[in-house]
Structures are given as structure tokens and as C-alpha cells.
Amino acid sequence: MPHVDLQLSDRSYRVAIEPGALRRVGSIAREHAPSPRCAVLVDDAVAGTHGATAIDALRAAGFEPLVHELRASEKEKSLEATTGAYRAMLAAGLDRKCPVIAVGGGIVGDVAGFVAATYLRGVPFIQIPTTLLAMVDASVGGKTGVNFPLPGSPGEPDVGAAADAALGKNLIGAFWQPRAVVIDPETLRTLPERHLRCGLAECVKHGILRDASLFDFIDANAAAILALEQQVLTTLIERSVAIKARIVEADEREAGVRALLNLGHTFAHAIEPIVELDLHHGEAVAIGMVAAARCALHAGSIDAGDVDRIARLLASLQLPTRLPKPVDAHGLLRAMTYDKKTEGGRFRLILPEMIGRARIAEDVPANLIVHAWRDAGASADDTASSVETSGG
Ligand SMILES: NC(=O)c1ccc[n+]([C@@H]2O[C@H](COP(=O)([O-])OP(=O)(O)OC[C@H]3O[C@@H](n4cnc5c(N)ncnc54)[C@H](O)[C@@H]3O)[C@@H](O)[C@H]2O)c1
Ligand SMILES: [Zn+2]
6 MPHVDLQLSD RSYRVAIEPG ALRRVGSIAR EHAPSPRCAV LVDDAVAGTH GATAIDALRA
66 AGFEPLVHEL RASEKEKSLE ATTGAYRAML AAGLDRKCPV IAVGGGIVGD VAGFVAATYL
126 RGVPFIQIPT TLLAMVDASV GGKTGVNFPL PGSPGEPDVG AAADAALGKN LIGAFWQPRA
186 VVIDPETLRT LPERHLRCGL AECVKHGILR DASLFDFIDA NAAAILALEQ QVLTTLIERS
246 VAIKARIVEA DEREAGVRAL LNLGHTFAHA IEPIVELDLH HGEAVAIGMV AAARCALHAG
306 SIDAGDVDRI ARLLASLQLP TRLPKPVDAH GLLRAMTYDK KTEGGRFRLI LPEMIGRARI
366 AEDVPANLIV HAWRDAGASA DDTASSVETS GG
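Residue numbers (my numbering): 6 to 397.
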């Protein structure tokens with residue numbers, strides 16, 4: 006079976022990737038948990054389909070699963086959701102040997118992971134991601150958590166990082182590595198295409214960061230990927246997970262190089278919460294990666310040809326590369342200043358240097374960012390100098 010192994014000393018694990026892998030979940034879980042019971046925390050959108058297949062496989066392997074449904078919404082990615090799961094698990098008498106098994110997208114994976122990290126001080130955790138984003142990103146690397154609104158956050162801001170802070174994205178959480186990740190690309194057949202494309206944005210991100218040949222592979226196979234051709238999807242996921250795995254191995258707790266995975270995300274966080282733009286995370290990341298590439302271009306640190314290739318590949322995957330509506334560039338810059346500005350109006354950003362390589366830039370001047378936002382279709386009629394003293 007195609008797989009990627011994460012080497013994290015006593016927290017090492019295998020990510021198995023194969024069409025039909027869902028039916029092997031029982032035997033994989035058995036290898037990691039001798040318990041007769043388990044908790045399946047399942048996204049209610051897939052409970053009757055992929056959830057049911059996983060539960061059948063677990064029963065066939067001798068497990069008696071407690072099934073608890075969760076709703077995949079950022080509002081319900083909360084301590085209330087974890088409390089509901091703890092209650093159900095305590096009522097069922099699940100002990101420390103019982104694994105928690107997440108079936109769903111990144112929201113359910115993050116909530117279930119935090120439940121696994123905290124229930125009786127931690128129980129074995131198994132991820133069965135059913136969105137492309139969760140397969141290539143959220144299920145691998147051990148970050149778990151829920152949202153928690155900041156006390157006294159400034160009113161109800163509706164823009165940028167301030168809005169994320171008001172929602173308190175992922176503020177409460179834990180690093181808790183799964184014992185196994187089981188990826189069945191067949192489960193993507195039911196995923197709405199818009200979510201599929203959002204996951205593809207993160208795959209392209211991995212290619213830009215670290216692997217020009219992954220970028221080329223996506224470029225050469227865009228149509229087959231969108232058509233969910235299973236062999237191509239399997240290769241795409243395996244290669245994309247491998248990039249994340251190598252970065253997590255090098256920096257499990259995000260003290261350094263793991264920050265590279267934020268390519269495009271500081272830009273994305275400024276536009277994602279703007280309701281009128283109606284952007285999903287991966288779409289905002291696509292626009293953000295092009296903006297980061299343009300920023301690097303204005304800084305003279307990447308070739309124009311590479312910037313064009315990035316924009317063209319994203320467009321061929323039907324992802325946006327420009328803002329769908331004009332927004333004030335200086336407002337976007339202020340949204341980015343919320344937590345990312347360093348001294349003197351300079352920003353810490355991940356910038357691509359070429360396809361296959363990126364760096365952490367500590368000192369990006371504000372005017373380059375405004376320039377990149379204007380390239381992306383933002384409006385700005387004065388110079389950036391006024392911005393350097395505002396916001397933050
Ligand atoms: N832990 C990490 O390292 C990490 C990394 C990236 C993102 N995340 C988190 O992941 C979340 C986003 O994850 P996501 O993009 O998977 O979103 P999601 O979990 O909201 O899933 C997207 C939608 O697809 C539905 N769905 C899931 N699988 C399906 C399937 N096979 N068929 C039909 N519908 C399906 C869900 O119910 C939901 O409506 C965010 O909360 C983000 O913070 C975590
Ligand atoms: Zn992302």
C-alpha cells in the first residue's frame with residue numbers, strides 16, 4: 006500500500022494512502038489498540054457513507070464502536086463540542102486504551118484530536134480524513150484544537166486577522182500525534198468540488214515550497230485530478246503528504262521551518278473573513294500565494310516566469326488568483342499588521358524564491374505588500390508611506 010512514514014522517535018506513524026483503504030481501517034486500528042472498544046467521532050455530513058464503511062470495518066475487526074457525530078462548522082469547533090464527546094465517552098465507560106478515531110474533514114479531525122489528547126490525559130488517536138485538505142494538511146503533523154473567542158476582543162471586527170482573533174481560531178489545543186492516518190482517495194467522490202479545489206491549493210503550496218516536480222506533476226495532471234482519477238490522486242496525496250511529513254519531522258512544534266507551510270496564509274487571513282468576497286480558505290490561499298509571489302517579484306527575488314507559472318497552474322485548477330472584488334489595499338495591509346508586523350512597518354512573510362523553494366523573509370517593506378495587493382486587484386490611490394505609521 007502506498008504510504009508515507011513520519012519519523013518522530015516514539016511518536017512515529019504511518020500515513021496509508023490507497024483507494025479502498027477505508028475498508029482496512031479495522032485491521033489498521035487493531036495494530037495500534039488492543040481495546041475491545043473505540044470512539045468514532047464522525048462528521049455528520051459523512052456519517053451515513055464513509056463513516057458507516059469505517060464502522061463496519063471496525064466491527065469486523067472486533068471493535069465495539071461508540072459513534073458520536075460532530076458538525077463541521079467553525080462556530081461548533083468549540084469546547085462545547087469536545088464536552089459533548091467527553092460526556093458520551095464517559096457515559097459509555099471508555100477507558101485509556103480506547104482509541105479515538107476521527108472520520109471527516111479538518112474541523113472534525115482537529116476537534117477529535119483535541120478530545121484524544123485530553124480524554125483521561127490522552128488516548129490513542131487515528132485520523133481518517135475525508136477532504137483533500139485534511140488528507141494533505143490537517144490530518145498530518147499533530148496539531149489539534151478548537152476555536153475560543155478572545156475575551157475583550159475588539160467588538161465584532163469583520164476584517165482580517167482581527168476577525169480570526171475574535172473567532173479565536175485554534176486558540177485552545179495541543180500537539181497530539183495520531184498513531185495512524187488512513188487516507189482513502191475514494192472518499193473524495195462525494196466531496197463538493199469547491200472543497201476539492203481548496204485542497205488542491207495546499208498541494209500546490211507544497212510544490213512551490215519544496216518540490217518542483219510535484220508542481221510539474223499537478224500541472225501535467227490537472228484534468229485527471231479534477232476528474233478524481235484514483236491513481237493520479239493517490240500519487241498527488243502521497244507526494245504532498247511527504248512534503249508536510251519532512252517539514253514536521255524537522256520542526257514538530259513550529260519553532261522554525263514549519264512556518265514555511267504558511268506560504269500565502271498571511272495574505273489569505275486578511276481576505277478570508279471578508280464576507281462580500283465569499284472566499285473559502287483554499288481560495289484565499291491561492292490568491293495569497295500569487296500575492297506572495299508578486300511580493301517576491303517586486304523584491305527582485307524570484308523570476309517573473311515562475312510567478313506566471315504559479316498563477317497559471319492555480320487558474321487551471323479553477324482557483325482564483327485575484328480578488329473577486331476590489332478591496333482597499335491599505336485596509337488589507339492593516340489586517341495583516343494585526344499580528345505580523347515587526348519594527349518599522351516591515352513584515353515577516355513566507356516568500357517563494359523559485360518553484361520548489363521558499364524562505365522566511367523577516368523584513369518585507371509595507372509598500373511591496375501594497376503593490377502585490379494592487380496586482381491582485383485591490384484599490385489603492387495613495388502611497389504606502391502613510392501605512393507604515395498606521396495600524397499595528
Ligand atoms: N491541524 C492542522 O494542522 C490543520 C491544518 C490545516 C487546516 N486545519 C483546520 O482544518 C479545518 C478545515 O478543514 P476542511 O477544509 O477539511 O474543512 P471541513 O472540515 O469544514 O470540511 C469541509 C466540508 O466538507 C464536508 N465533508 C467532509 N468530507 C466530505 C466528503 N468526503 N464528502 C462530502 N462532504 C464532506 C464537511 O462536512 C464540511 O462541510 C479548519 O478548521 C482548519 O483550522 C487544521
Ligand atoms: Zn491552509
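Just so it is clear, CB atoms sit at the ideal spot from N, CA and C, and this is done for glycine as well.
Since this is a predicted model, take the numbers as computed values, not measurements.
Report all residues from its chain with a CB closer than 7 Å to the CB of Arg364; omit the five preceding and five following residues, and keep chain order.
Leu356, Glu358
May I ask you to report which of helix, strand or coil DSSP gives Arg42?
strand
What did DSSP end up calling Leu75 once you bin it into helix, strand or coil?
Leu75: strand per DSSP, three-state reduction.
Could you check if Glu207 belongs to the surroundings of ligand 2, using beta carbon to heavy atom distance under 7 Å?
Answer for Glu207: yes, Cβ within range of ligand 2.
Ignoring anything shorter than 4 residues, give me the alpha helix (DSSP H) runs that lie fully in the segment 301-349, in order along the chain.
Those alpha helix (DSSP H) runs which fall completely within the segment 301-349 and span 4+ residues are 309-321, 334-345.
Range of the contiguous beta strand (DSSP E) that encloses Gly132:
The sequence given here has Gln at residue 132, not Gly. 130-134 is the span of the beta strand (DSSP E), which, as asked, contains Gln132.
Three-state secondary structure (DSSP) of Leu176:
coil
Asp10 by DSSP, collapsed to three states: which one?
strand
Kindly indicate which three-state DSSP category Leu356 falls into: helix, strand or coil?
Strand at Leu356.
Compute the Euclidean distance between the alpha carbons of Arg215 and Val253, then round it to the nearest angstrom.
13 Å
What is the rounded straight-line gap between the Cα of Gly178 and the Cα of Gly204?
Gly178 and Gly204 have their alpha carbons spaced roughly 23 Å apart.
Assuming Trp378 contacts Leu337 under a Cβ cut-off of 8 Å, what Cβ separation, rounded to an integer in Å, is found between them?
5 Å
With distances taken Cα to Cα, identify the nearest neighbour of Arg64 among Gly150, Leu27, Glu74, Thr136.
Leu27
Hey, Ile230 and Phe220 are a contact pair by Cβ (cut 8 Å); roughly how many whole angstroms apart?
No, Ile230 and Phe220 are not in contact; Cβ-Cβ is about 13 Å, not under 8 Å.
What is the C-beta distance between Leu84 and Ala44, in whole angstroms, given that I count them as a contact (C-beta under 8 Å)?
That belief does not hold up - the Cβ atoms of Leu84 and Ala44 are roughly 17 Å apart, past 8 Å.
Examine ligand 2 and report whether any of its heavy atoms sits within less than 7 Å of the Cβ of Val246.
no
Less than 7 Å between C-beta atoms, sequence neighbours within five positions excluded: which residues of the same chain meet that for Val30?
Ala59, Ala62, Leu63, Ile133, Val187
Select from Leu241, Ile374, Ala185 the residue whose C-alpha is nearest the C-alpha of Asp333.
Among Leu241, Ile374, Ala185, the Cα nearest to that of Asp333 belongs to Ile374.
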